[in-house]
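Visitor:
Residue numbers (my numbering): 28 to 374.
See below:
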């Protein structure tokens with residue numbers, strides 16, 4: 028394994044570093060300290076041509092100015108908190124409301140906007156970037172000082188592993204994710220509508236008109252939500268289902284079955300032969316298809332609708348306001364831990 032570090036830019040007087048981990052096959056991941064964000068996952072296609080299979084800009088300014096969430100560590104709470112309000116032990120809290128009347132992705136200055144500390148480690152089979160950040164009490168109106176560690180591990184057999192760990196000095200919420208967008212073509216000049224998606228989920232989470240969970244978890248049977256056999260992502264954009272029409276595709280949590288003998292999800296591009304498989308400790312994966320075009324460009328290419336697709340692993344969105352969704356409260360003396368592994372293959 029080889030580790031390379033370089034200056035990616037500066038924001039608010041702070042240096043932002045980009046760190047690249049490269050294995051013997053020449054595949055690599057690059058992540059930056061701004062938002063503990065993945066910048067690149069460079070892998071070959073079936074003809075041996077290397078491309079970045081994630082959406083990313085080549086400059087820091089676009090991340091700071093436009094906040095696209097590309098590859099970012101998102102939180103404290105990923106997704107939406109209805110009306111930005113919740114209670115812990117009977118005490119009310121009011122977060123920032125930064126999307127209509129709701130709280131989205133940690134607030135206006137969530138974890139994706141912070142410059143994280145980091146260190147690196149390596150051995151013969153893998154290398155690691157260990158990001159750390161202390162999110163102070165009151166940040167975006169969250170209670171508790173939250174000490175967070177996010178470790179990116181890259182292996183000789185082309186696995187990208189994300190490990191989260193956190194501790195708090197007061198009861199708080201924590202439900203992070205990584206907002207990486209995959210496009211296995213390696214260019215946004217082609218959309219992901221010809222990718223084949225598999226999700227081992229019998230149920231999805233229904234959303235209201237503001238993309239807040241209704242509390243219902245319908246069966247996925249029938250298009251456009253049934254990906255228990257790999258199907259084209261375009262089945263969601265071609266559907267007249269009210270849930271997909273509402274968001275112009277998918278922006279939905281899928282409740283994973285967690286069958287020990289099956290993958291949790293996979294994404295495959297028959298044209299390039301590239302395939303990503305995924306396993307996670309989290310109960311939900313949010314599938315979002317970049318449902319709108321962007322005014323920006325990547326590698327001089329306009330960013331169209333459906334330029335990428337996420338496999339965001341997390342706990343249920345708005346779980347704090349949905350009693351049957353489980354708890355995302357982290358308390359003093361507890362340690363939050365979760366793990367997601369994305370593996371690259373050629374078929």
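Positions of the beta carbon are idealized from the N, C-alpha and C atoms, including for glycine.
Small disclaimer: the values here were computed from a predicted structure and weren't measured.
Using the Cα positions of residue 126 and residue 93, report the straight-line distance between them to the nearest angstrom.
Guide: Those two C-alpha atoms are separated by around 15 Å.
Visitor: Which partner residues does residue 11 have in the DSSP bridge list?
Guide: It is not possible to answer for residue 11, since the shown part of the chain is limited to 28 through 374.
Visitor: Opposite residue 366 in the DSSP bridges: which residues?
Guide: 190
Visitor: Please classify residue 341 as buried or exposed, where buried requires at least 16 neighbouring CB atoms within 10 angstroms.
Guide: buried
Visitor: Residue 338: buried (16+ other C-beta within 10 angstroms of its C-beta) or exposed?
Guide: buried
Visitor: How far does the beta strand (DSSP E) with residue 329 in it reach, from first residue to last?
Guide: Element bounds for residue 329: 328-330.
Visitor: Leaving aside the five residues before and after residue 376 along the sequence, list all residues of the same chain whose C-beta is less than 8 Å from its C-beta, in chain order.
Guide: The first residue shown for the chain is 28 and the last is 374, placing residue 376 beyond what the model contains.
Visitor: Pull up the distance between the alpha-carbon of residue 176 and that of residue 267, whole angstroms please.
Guide: 42 Å
Visitor: Which same chain residues, not among the five before or five after residue 265, have their C-beta less than 8 Å away from its C-beta?
Guide: 251
Visitor: Measure the Cβ-Cβ separation of residue 100 and residue 260 and say whether it is below 9 Å.
Guide: In this structure, residue 260 does not lie closer than 9 Å to residue 100 by Cβ.
Visitor: Which residues in the same chain have their Cβ closer than 8 Å to the Cβ of residue 290, if we skip the five residues on either side of it in sequence?
Guide: 225, 227, 304, 305, 306
Visitor: Give a yes or no on whether the C-beta atoms belonging to residue 180 and residue 163 are separated by under 9 Å.
Guide: In this structure, residue 163 does not lie closer than 9 Å to residue 180 by Cβ.
Visitor: Taking only the alpha-carbon atoms, compute the straight-line gap between residue 300 and residue 72 and give it to the nearest angstrom.
Guide: 6 Å
Visitor: Please report the residue range of the beta strand (DSSP E) in which residue 339 lies.
Guide: Looking at the DSSP string, the run of the beta strand (DSSP E) that includes residue 339 is 339-341.
Visitor: Tell me whether residue 154 sits in a helix, a strand or coil according to DSSP, three-state version.
Guide: strand
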